[in-house]
Structure formats: C-alpha cells, structure tokens
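Asks: Handing you a structure now.
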Amino acid sequence: MMSKIKTLLKSPGSHKAGGRPPALLLQGIDKTFDGKKVLSCAGFRLEWGEVHALVGENGAGKSTIMNVATGVYAPDCGKVIVDGRDVPLRNPADAIVAGIGMVHQHFRLVGRFTVAENVALALGGAGRRCSIGEAAHLIEEKSGELGFSLDPNARVERISVAEQQRAEIVKVLLLGAGIMILDEPTAVLTQGETRGLLSLLQRLALAGHAVVLITHKLQEVADHCDQITVMTQGRTVLDAAPMAVTTIAQVTQLAFGEVKEKPPVQMGHFGDELLRIEDLEVGDGAVTLEGLTLSLRAGEIFGIAGVGGNGQSELVACLNGLIRPLDGRIVLTGLDLTNASPAQRRKAGLRIIPADRFDSAMAGDLTLSENLTLTSLDSGRFGPWWRMSRKAMIRDAEKSLKDFNVLGGTPETKASLLSGGNAQKVLLARELSAGTRVVVAHSPVRGLDVRSVNAVLDLLAESAKEGAACLLISEDLDEILHMCSSVAVLNRGRLSAPLSGADLNPTRLGELMVGHV
Amino acid sequence: MFESTLLIRRQSAPGWLSGLCYFGGLASGLGLSALLLMFMGVSSTDLYQEFVVQTFMTLQGLDQTVTAAIPLILVGLGTSLSMRVKFWNIGIEGQLWCGAMAATWVSVNDVGPEPVRLWLMMFAAMAAGGAWIAIALAMKLAWSVTEVISTLLLGSIAFFWVQHMLFGAWRDTVTGFPTSPSFDSAERLDLLGWGQVHEGLWIALTAVAVCTWLTDVSRFGLQAKAVGANLRTARATGLPVLGTVAVFVLGSGALCGLAGGVIAAGTEYRLSQSIGAGYIFSGIVIAFLARANPLGVFAVAVALGGITTAGGVLKVFYGISEAAVLMVQGLVLLSVLAAQLFSEYRLTNRRPV
Numbered sequence: 001m002m003s004k005i006k007t008l009l010k011s012p013g014s015h016k017a018g019g020r021p022p023a024l025l026l027q028g029i030d031k032t033f034d035g036k037k038v039l040s041c042a043g044f045r046l047e048w049g050e051v052h053a054l055v056g057e058n059g060a061g062k063s064t065i066m067n068v069a070t071g072v073y074a075p076d077c078g079k080v081i082v083d084g085r086d087v088p089l090r091n092p093a094d095a096i097v098a099g100i101g102m103v104h105q106h107f108r109l110v111g112r113f114t115v116a117e118n119v120a121l122a123l124g125g126a127g128r129r130c131s132i133g134e135a136a137h138l139i140e141e142k143s144g145e146l147g148f149s150l151d152p153n154a155r156v157e158r159i160s161v162a163e164q165q166r167a168e169i170v171k172v173l174l175l176g177a178g179i180m181i182l183d184e185p186t187a188v189l190t191q192g193e194t195r196g197l198l199s200l201l202q203r204l205a206l207a208g209h210a211v212v213l214i215t216h217k218l219q220e221v222a223d224h225c226d227q228i229t230v231m232t233q234g235r236t237v238l239d240a241a242p243m244a245v246t247t248i249a250q251v252t253q254l255a256f257g258e259v260k261e262k263p264p265v266q267m268g269h270f271g272d273e274l275l276r277i278e279d280l281e282v283g284d285g286a287v288t289l290e291g292l293t294l295s296l297r298a299g300e301i302f303g304i305a306g307v308g309g310n311g312q313s314e315l316v317a318c319l320n321g322l323i324r325p326l327d328g329r330i331v332l333t334g335l336d337l338t339n340a341s342p343a344q345r346r347k348a349g350l351r352i353i354p355a356d357r358f359d360s361a362m363a364g365d366l367t368l369s370e371n372l373t374l375t376s377l378d379s380g381r382f383g384p385w386w387r388m389s390r391k392a393m394i395r396d397a398e399k400s401l402k403d404f405n406v407l408g409g410t411p412e413t414k415a416s417l418l419s420g421g422n423a424q425k426v427l428l429a430r431e432l433s434a435g436t437r438v439v440v441a442h443s444p445v446r447g448l449d450v451r452s453v454n455a456v457l458d459l460l461a462e463s464a465k466e467g468a469a470c471l472l473i474s475e476d477l478d479e480i481l482h483m484c485s486s487v488a489v490l491n492r493g494r495l496s497a498p499l500s501g502a503d504l505n506p507t508r509l510g511e512l513m514v515g516h517v
Numbered sequence: 001m002f003e004s005t006l007l008i009r010r011q012s013a014p015g016w017l018s019g020l021c022y023f024g025g026l027a028s029g030l031g032l033s034a035l036l037l038m039f040m041g042v043s044s045t046d047l048y049q050e051f052v053v054q055t056f057m058t059l060q061g062l063d064q065t066v067t068a069a070i071p072l073i074l075v076g077l078g079t080s081l082s083m084r085v086k087f088w089n090i091g092i093e094g095q096l097w098c099g100a101m102a103a104t105w106v107s108v109n110d111v112g113p114e115p116v117r118l119w120l121m122m123f124a125a126m127a128a129g130g131a132w133i134a135i136a137l138a139m140k141l142a143w144s145v146t147e148v149i150s151t152l153l154l155g156s157i158a159f160f161w162v163q164h165m166l167f168g169a170w171r172d173t174v175t176g177f178p179t180s181p182s183f184d185s186a187e188r189l190d191l192l193g194w195g196q197v198h199e200g201l202w203i204a205l206t207a208v209a210v211c212t213w214l215t216d217v218s219r220f221g222l223q224a225k226a227v228g229a230n231l232r233t234a235r236a237t238g239l240p241v242l243g244t245v246a247v248f249v250l251g252s253g254a255l256c257g258l259a260g261g262v263i264a265a266g267t268e269y270r271l272s273q274s275i276g277a278g279y280i281f282s283g284i285v286i287a288f289l290a291r292a293n294p295l296g297v298f299a300v301a302v303a304l305g306g307i308t309t310a311g312g313v314l315k316v317f318y319g320i321s322e323a324a325v326l327m328v329q330g331l332v333l334l335s336v337l338a339a340q341l342f343s344e345y346r347l348t349n350r351r352p353v
C-alpha cells in the first residue's frame, strides 16, 4: 500500500521544459454568468518548471480562469489542455486526477482535525485510502523534502496561519499535484513568512513542478517569478511574458492603468476631539484586541494600517455595537457609548462602513430605497409608524442616487444587483447624511474599480472637510498615505503609537506591520 | 444527456418568468394529483364534478369550502407572519390546541358575563396561542434553542395536555366520551344562514386586513423584511429587531390560537381530540404557496378548503383514503417549489469545447 502511494506521489521529472508540452494550456476561454461576461477569449500558458505570476485588478477574471483550470467552473467555450492531453475537467475531482492542485485563500482544511487526519481525509476522497499513521509518515517525508518542519499530529485550528498554509501545500502535493495554483498566498503572511513561502515555490519549480501565483504584490512578482500573465476585464493582455524582459512599470500600466502621484488630502488643522477610545479590550474570535487607545479630532482622517486579520474586523464590530468589549471605553464628545445599542450610537453621529457591506450594512434582497430608508425610519420623513409612505421613500432615494452619482439602479432595484462601486456609493449616501460626526470606514475601496475608488475617497475627504472625524482602516498603504496625516498600525490585536510627519513612511509602516519594532 | 447541461444562477428573474414558473408548477402539481386520483379509480369526469363543479360552483359546495377555509386562512396567516422574520414556526398545531383549550376553559368555567363571553373566548384563544409560541421565542433568544425543534415539541406537549383535560377534568359527563361538554348557544359563533358558514368568516377577513396592514402599510413591514433578509444588517442599522420579531412571532402564535378557538366555537361547539389534526401541514403549504402574502393566503386557503371538501366526498363515496388528500397538497407544494428552480437558474447546453 505504502509503496503504491509513493509511486503515485512521485514528483514529476526535474528537467526543465525541454521539448515537453506545456503543463497547462487554456485557449479561447469564454465564461458568462447570466449574461455578464467575465472571461472573453482568455488564455493562459504554463510551462513545467516555472513560477508563473497571474496579475490583474479585482474582477479581472484571474480567479475565474483558475477555477476553470481546476474544474470548478465549466467554460462556455474554449480548450483546456493539461500536459499535452485534452482532458475534460467536469469537476474538481477530475482536476486532482489530472494533477492540478489549488491552494485557496480560505484553506480547505478541517480545523478540528490534525494535519495527518486532514491529509488522510483528502487522500481517501481521491480514492487512495491510507491510515492516519501512513499519512503522518508521508507528511514528515514531504515536509522534510521541502525543507520545513510540520507536526502531523498538531490540530489545524491550533497552528498558525503560515503553518496551515504549509499543511495545505503538503496536502495538495501529496494528492499528486504537478501543477500548483496559489490564490493570494502571501496576503495572510508576515514578511519573513512570505520570503519563506516564495523561496519554497521556487524550489518546487526547480524540482519540475509548475506553479501559478495569483497576486497583487508586484515586488513579489519581480523577485520570485519566471513568467507573467496579466489580465484585465476578462481578457489576457500580457500572455506569458518572461519576467526577465518585463518591467514592473509595464505591468502596472497594463494591470492597473496609469497610477498618478496624488497630493495628500490632509492639511493638519483639526478641531476638538470627537471620538476617544480608551484601553479597549475585545475578545471575540481568533484575535484579541488589547489596550487599544486612540483619539480622533474633528476634520481628521486617522489611518489604521495593518495586514487583515489582525483585529480590524473585531474593532469595527465592536464600534458598531455588534460585539461587547471586555474592557475599556468608547466616548463620543463626552457621551459614553461603550455599551450603547447600535441605534444610540447612530443617534450620537457614529457611522460605520464595514468591509463587507452585505454582511452588516445592507441587505442584498432589499431594494435601494429600502436600504436607504432603514436608518431613518423614525425620522418621520416617511410617514407615521402606522403608515409608511412608499412615495416619500422613492423620492428620497431618487435624490440620493442622483446626488451620489449611483449608476445602474433605480430606487426599486435590488441592492445585490448593483456593482460593488455603486453599492458602496449607496451606502455612503446613507451614512454620510446629516448628523454624521464620526465615520469608521473599513477597506472602503477594496474591490472597486479606479473611478469608484476616487469617488469614494473624495466623499470621505469631503465629509472630513465638513468637520466629521474619520477612521480609515485599510491594508492598502498607498490609500492610507494618500488620505491620512497620522497613522497607527494594528498588529496582532495591538495598536502602535501614531506616526506622523517624517516618521510616516512606507518603510516604517512595513516594519510595524510585520512586528519588527 | 445531462453531461453537457449547465445550471447558471440568474442575477434576477423578470416578473413574468417567476409568474410563469409559479403557475406552471401549480398546473403540473394539480395535473399530477389528478393522475394519482384517476389511478386510484376516480374517473376524470367525476374528478371534474367533485373538485370544480361541486366545491366551487354550487352554493352548497361553496359553503362547505368557505367553512373549511376559515381556520385555514388563520393558520396560513399565522405561518406567514413568522416566515417574514425567518422564524420557522413548525408548532402551529400546538398553538392551535392551546387556543382551543383556552376558549374551552372560558366556556367550561363560565368566565365573564354571557353577552361578551364569546369575545372573551376568542381573546383567550389568541393570548394562549401567543403565550405558547412565546416559550419557543424566549428559549431562542436566551439560549439560541432552534425554534424548529422547540415549536414542534411544544406541539406534542399541547396535544398531551388536551388529552389530559379531555380524559380528566373536562370529560363530557353526559356522553362519557373524551370531549368537553357542549358549548352553550351564547358561546357559539352564529351561523350566517348559508350552510355551515359562521361568524368566523368575519374574523378571518379581519385578520387578512390586519396582516395586510402590518406587512404592507405599517413600518413593521419594512423592519420585518430587513430582519428576514439580513439580521446582522438589521442590528447594525439600529432597527428595533427584538420588538419587530416579537410582534411577528407572537402574532403568528395568536393567529394559530385564534384558529383553534374559531374551530371549537364555530363548527365543533366543543373541544375534541380531532379538531387540530393536519393544520400544521396545511399552514406551511398555504404560507409557501402564498409567498407569505396575506391576500395570497386568502386565495390559497379557499382553494385548499375546496380540496379538503372534495377530499371528504372522495373519502365517503369513492373509498379514497385521507392520506390521498394530504398527498394532493404535498404534490402541489412540491411542484411549485421545484418549478422555482427555473426562475432562479438558467439551463443551457455547454458548447462543444
């Protein structure tokens, strides 16, 4: 049994390309989701023995084309050729048999199982049953071969994200993947861990594997990748160019359009303190916020930088009144809101733009006018409690949509049908209305196209100019440096001292983000 | 054949398409039911006679249909209200039994002066139904006990309670049967002079009007819609989530309790062990087919009342079992729900690669 598994798991030949057909060839792939074309005649060519970067904006079609390659989506038309053979990929199991493995952003591991149990589960699912002991042996062997240690008997929920990622990589390799696709693998890693992962990927390529790296981070691409493919709006605009003859500037222009140097928004004349957070402690979920203290003044846009998952969501949920803090105080102009209800917070002028607007700010199944009305039902603008005025709701919504330049929807459109940028503008139209004193915006422009990004950031800046205080929580340093004059970094539930002036630079922020203080 | 078939989720379905799917599903469900009954030995002309002509087109048949529809309207409305806030009330019968018991308690103990006793019975029925569902609601809020389990089990408890009373304190001393003593004439809903149809019809129609106001006119309607669509958003936007849920859930229990009171005081004139049977299933069928819309509930409940009436006739004259009538309800519901697939997904063929 063991020997049989081993021969099956043998890594592909360690010679480079030499006359071998490409590892993966996707040609003329179209994919439409209910009339919306996400891929049009897209292509992708991956050779054995290379680390291949796949770059593009959010919504450019990177994940979709890789989902086609792993059998998750069936293409409307086009060819998928794996190692020279035309293989039908009807489902993810077919892709595993064909030797294609994917490491998703959200790992496909069972948290309560040990690493060995997870591997045994996956191997069993692929029709290669083995005992947990055998799986543990295979894991030790494989991780030794890859040059890191991984405890097969550790429970997945107890180990760090980086270790979980290694477990996922080992699992995918043990499943027999010659072709490995990683979706934004470095987004969850510290700088040191990132370096380790990227050199691991290079070693895998040297050993003859073909590796696809989907990423936003161009420096990683420049330093660690052999080939690059760039996608925009469902098309392949740069098809498998060798990295050696491609510059980052070229890639940036192709993938993201012209990036202009933007003048900073903040001037530095602020009013009185509006929001004070003292020694906040929140223990809900994986990350615990500890001793978080900050002060926001009228007209100020204060930035909180940091890699996602370091307590940002917990902070926002706590400010929103959705989770109770264990300790500390939240005070808005002298009013203690620590244990106030969401309605009381709103009345005091605290407004939240959460990272996932359809999780805790809007309802996708409600129309735009209904979503816009939710927060002002008791204002009396829409009639008494016993008789809502639909007419007044629609009239109000029409005005908001016009004022905030929302395209692609009428007041009667369901919110889920709007594009991300327009849905965000609807949310801002609601939250930046009269009475706003403090705005907390968590990754407000993530996933939006360039034009919407500018519109949303302009709206936040304008609201600060009108005297509101704004807390901008974001992973994007360019955005934070453009918007804020003082910035603190959230790392593992702790907030650094604020940086401003000459101290406020990408290098210093980067150090704080990875914890080298 | 299905190798190359793809199911693609639609971003939105136009109104005509979901209408077509709804009525297509309804038609195929009725067609399947007709086939089933014909297979069981009822000829097609008899089916037409019994289901269409006798139940809806003759005055005598129609009065039976309407009488059957009165409690169906109430339980259908009750289920719809809790559905609006995504509270799955599977214990309709439990609230109905409690309502019937409360009305009987008022009657047996001669509570209050006679002229208002009937109204006291109806209010007691509503209060009891509301109180019974309040137990499930409180357990959900305090300890996150899922209401699917708690309402269902509370239904069993209510039924055992009914049996306890009927075999004990309330047993009819005149007949010796396990039923309550017959209600006095002042404790009965008056007949309207059209077959068995009684004043409960006005109660049901009032309930339709009140529910329409609640869901479509008042502020509660939009609040409930938001709570049902996204609870976290409703909380974060500062809506009175608890109040909204309480109004809809307690209203749901009260309407089901009222149905129990109306059956006891309107058609049976006593509490017996058989008055509440089958309403759990009918309530869910009606609310789903009506898509929780009060006016829709009225229409579906009348149609289902017809099926019940015709089913009774089939049972007596054609030897068809009671289960077959429930099968008809089930087939219609399943067909309509299955047909929704086509309004939510588009079927296409994979183009040759």
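Here the protein sequences come in this chain order: A and B. Using full-length UniProt numbering, the first residue of the first sequence is number 1, and each one after it goes up by one. Using full-length UniProt numbering, the first residue of the second sequence is number 1, and each one after it goes up by one. Cβ atoms here follow ideal geometry from the backbone N, Cα and C, with glycine treated the same way.
Sorry if obvious, but does the Cβ on LEU192(B) come closer than 8 Å to a heavy atom of the ligand MG?
Replies: Ligands are entirely absent from the displayed structure, and the ligand MG is therefore not among its contents.
Asks: What does the Cβ neighbour count give for PRO14(B), buried or exposed, with the cut at 16 atoms within 10 Å?
Replies: On the second sequence, residue 14(B) is found 14 positions in, with the first residue counted as 1. Label assigned to PRO14(B): exposed.
Asks: Counting beta carbon pairs with one atom in the stretch 383-395 of chain A and one in the stretch 429-441 of chain A, are three or more of them shorter than 8 Å?
Replies: Touching, no.
Asks: Which residues mark the beginning and the end of the alpha helix (DSSP H) in which MET327(B) is found?
Replies: By one-based count along the second sequence, residue 327(B) stands at place 327. Taken as a continuous stretch (DSSP letters only), the alpha helix (DSSP H) holding MET327(B) covers 322-344.
Asks: Let me see if you follow: with CB-CB separation under 9 Å, is VAL259(A) close to chain B or not?
Replies: If you number the first sequence from 1, residue 259(A) lands on position 259. Residue placement at VAL259(A) is flagged as unreliable, the pLDDT there being 49, under the threshold of 50; the coordinate-derived value follows with that caveat. It does not: the Cβ of VAL259(A) has no partner Cβ on chain B nearer than 9 Å.
Asks: At 8 Å on the CB atoms, spell out the chain B contacts of ALA375(A), in chain order.
Replies: Here the question's residue 375(A) lines up with position 375 in the first sequence. Residue 375(A) is actually Thr in this sequence, not Ala. Here the neighbours are THR237, GLY238.
Asks: Using only the alpha-carbon positions, how far apart do GLY283(B) and GLY409(A) sit?
Replies: For the purposes of this step, residue 283(B) is identified with residue 283 of the second sequence, where counting begins at 1. For the purposes of this step, residue 409(A) is identified with residue 409 of the first sequence, where counting begins at 1. The straight-line gap from Cα to Cα measures roughly 37 Å.
Asks: Taking the straight line between their C-alpha atoms, what separation do you get for GLY421(A) and VAL445(A)?
Replies: Within the first sequence, residue 421(A) is the residue found at index 421, counting from 1. Within the first sequence, residue 445(A) is the residue found at index 445, counting from 1. One C-alpha to the other measures close to 8 Å.
Asks: If you follow the alpha helix (DSSP H) that VAL174(B) is in, where does it begin and where does it stop?
Replies: Locating residue 174(B) in the second sequence gives position 174, counting from the first residue. Run containing VAL174(B): none; DSSP gives neither H nor E here.
Asks: For LEU347(B), decide whether its Cβ has a neighbour in chain A, counting only Cβ atoms nearer than 9 Å.
Replies: Looking up residue 347(B) in the second sequence gives position 347. So, not an interface residue.
Asks: I'd like the span of the beta strand (DSSP E) that includes TRP194(B), first residue to last.
Replies: Within the second sequence, numbered from 1, the residue matching residue 194(B) stands at position 194. 191-194 is the extent of the beta strand (DSSP E) around TRP194(B).
Asks: Does the distance from the CB of ARG437(A) to the CB of LEU332(A) come in under 9 Å?
Replies: To locate residue 437(A), count along the first sequence from 1; it is residue 437. To locate residue 332(A), count along the first sequence from 1; it is residue 332. Yes, these two residues count as a Cβ contact at 9 Å.
Asks: By the criterion of Cβ-Cβ separation under 8 Å, what are the contact partners of ILE352(A) in chain B?
Replies: On the first sequence, position 352 is the one that residue 352(A) refers to. What ILE352(A) touches in chain B: ALA236.
Asks: Counting only beta-carbon atoms, is SER218(B) nearer than 9 Å to chain A?
Replies: By one-based count along the second sequence, residue 218(B) stands at place 218. So, interface residue.
Asks: Report the rounded CA-to-CA distance for ILE248(A) versus LEU477(A), giving the unit in angstroms.
Replies: By 1-based counting over the first sequence, the position of residue 248(A) is 248. By 1-based counting over the first sequence, the position of residue 477(A) is 477. Whole-angstrom Cα-Cα distance: 18 Å.
Asks: I'd like to know whether the C-beta atoms of ASN320(A) and ALA236(B) end up nearer to each other than 9 Å.
Replies: For the purposes of this step, residue 320(A) is taken as the residue at position 320 of the first sequence. For the purposes of this step, residue 236(B) is taken as the residue at position 236 of the second sequence. Result yes, Cβ atoms of ASN320(A) and ALA236(B) sit closer than 9 Å.
Asks: Is the Cβ of LYS142(A) closer than 9 Å to any Cβ of chain B?
Replies: Residue 142(A) sits at position 142 when you count from the first residue of the first sequence. By this cut-off, LYS142(A) is not an interface position.
Asks: For SER500(A), write down the residues that DSSP places opposite it in a beta bridge.
Replies: Locating residue 500(A) in the first sequence gives position 500, where the first residue counts as 1. Per DSSP, SER486(A).
Asks: Relative to the alpha-carbon of GLY19(A), which residue among LEU26(A), LYS31(A), LEU366(A), GLY49(A) has its alpha-carbon at the smallest distance?
Replies: For this step, residue 19(A) is matched to residue 19 along the first sequence. Comparing Cα positions, the closest option is GLY49(A).
Asks: Within this structure, are the beta carbons of GLY261(B) and THR67(B) separated by less than 9 Å?
Replies: Working through the second sequence from its first residue, we reach residue 261(B) at position 261. Working through the second sequence from its first residue, we reach residue 67(B) at position 67. Not a contact, by the Cβ cut-off of 9 Å.
Asks: Could you please give me the residues that DSSP links to ASN491(A) through a beta bridge?
Replies: Residue numbering aside, residue 491(A) sits at position 491 when the first sequence is read from its first letter. ARG494(A).
Asks: In the structure shown, what three-state DSSP assignment does HIS224(A) receive?
Replies: Along the first sequence, read from residue 1 onward, the residue named residue 224(A) stands at position 224. Of the three classes helix, strand and coil, the one that applies to HIS224(A) here is helix, per DSSP.
Asks: Using the beta-carbon count (16 or more within 10 Å), is ALA120(A) buried or exposed?
Replies: Against the first sequence, residue 120(A) aligns to sequence position 120. Per the 10 Å Cβ criterion, buried.
Asks: Between which two residues does the beta strand (DSSP E) carrying residue 521(A) extend?
Replies: Shown here, chain A extends from 1 to 517; a query on residue 521(A) therefore has no answer.
Asks: Could you check where the beta strand (DSSP E) with THR288(A) kicks off and where it finishes?
Replies: Counting from 1 along the first sequence, the entry for residue 288(A) is found at position 288. Where THR288(A) is concerned, the enclosing beta strand (DSSP E) stretches over 288-297.
Asks: Is there a C-beta anywhere in chain A that falls below 9 Å from the one on ASN89(B)?
Replies: Residue mapping note: residue 89(B) aligns to position 89 of the second sequence, counting from 1. Chain A, which has no Cβ nearer than 9 Å to the Cβ of ASN89(B), makes this no.
Asks: If the cut-off is 8 Å on Cβ atoms, which residues from the stretch 67-90 of chain B count as contacting chain A, listed in chain order?
Replies: Residues: none.
Asks: Take THR70(A) as the anchor and find which of LEU274(A), ASP279(A), GLU57(A), ASP94(A) has the nearest alpha-carbon.
Replies: What you label residue 70(A) is simply residue 70 of the first sequence in a count that begins at 1. Nearest of LEU274(A), ASP279(A), GLU57(A), ASP94(A) to THR70(A), Cα basis: ASP94(A).
Asks: For GLU157(A), which residues of its own chain have a beta-carbon under 8 Å away from its beta-carbon, when the five flanking residues on both sides are left out?
Replies: Counting from 1 along the first sequence, the entry for residue 157(A) is found at position 157. Here the set comprises GLY111, ARG112.
Asks: According to DSSP, is ARG108(A) helix, strand or coil?
Replies: Stepping through the first sequence from its first residue, residue 108(A) is reached at position 108. It is coil, neither helix nor strand.
Asks: Mind listing the chain A neighbours of LYS225(B)? Cutoff is C-beta to C-beta under 9 Å, in chain order.
Replies: Here residue 225(B) is taken as the residue at index 225 of the second sequence, counted from 1. Residues of chain A passing the Cβ test: ALA363, ASP365, LEU366, GLU370.
Asks: Return the chain-ordered list of same chain residues with a C-beta closer than 7 Å to the C-beta of MET40(B), the five sequence neighbours on each side being excluded.
Replies: As a working note, residue 40(B) is residue 40 in the second sequence. Hits under 7 Å: ILE320, ALA324.
Asks: Residues of chain A with CB under 8 Å from ARG232(B), in chain order?
Replies: Here residue 232(B) is taken as the residue at index 232 of the second sequence, counted from 1. Near ARG232(B) (Cβ distances below 8 Å), the residues of chain A are LEU322, ASP359, SER360.
Asks: For TRP16(B), is the classification buried or exposed, using 16 other Cβ atoms within 10 angstroms of its Cβ as the cut-off for buried?
Replies: Here residue 16(B) corresponds to residue number 16 of the second sequence, with the count starting at 1. Looking at its Cβ environment, which holds fewer than 16 other Cβ atoms inside 10 Å, TRP16(B) is exposed.
Asks: Return yes when the Cβ of MET180(A) is within less than 9 Å of the Cβ of LEU204(A), no when it is not.
Replies: Stepping through the first sequence from its first residue, residue 204(A) is reached at position 204. Stepping through the first sequence from its first residue, residue 180(A) is reached at position 180. Going by C-beta atoms, LEU204(A) is nearer than 9 Å to MET180(A).
Asks: Please name the residues in the stretch 308-342 of chain A whose beta-carbon is closer than 8 Å to at least one beta-carbon of chain B, in chain order.
Replies: Flagged, chain order: ASN320, GLY321, LEU322, SER341, PRO342.
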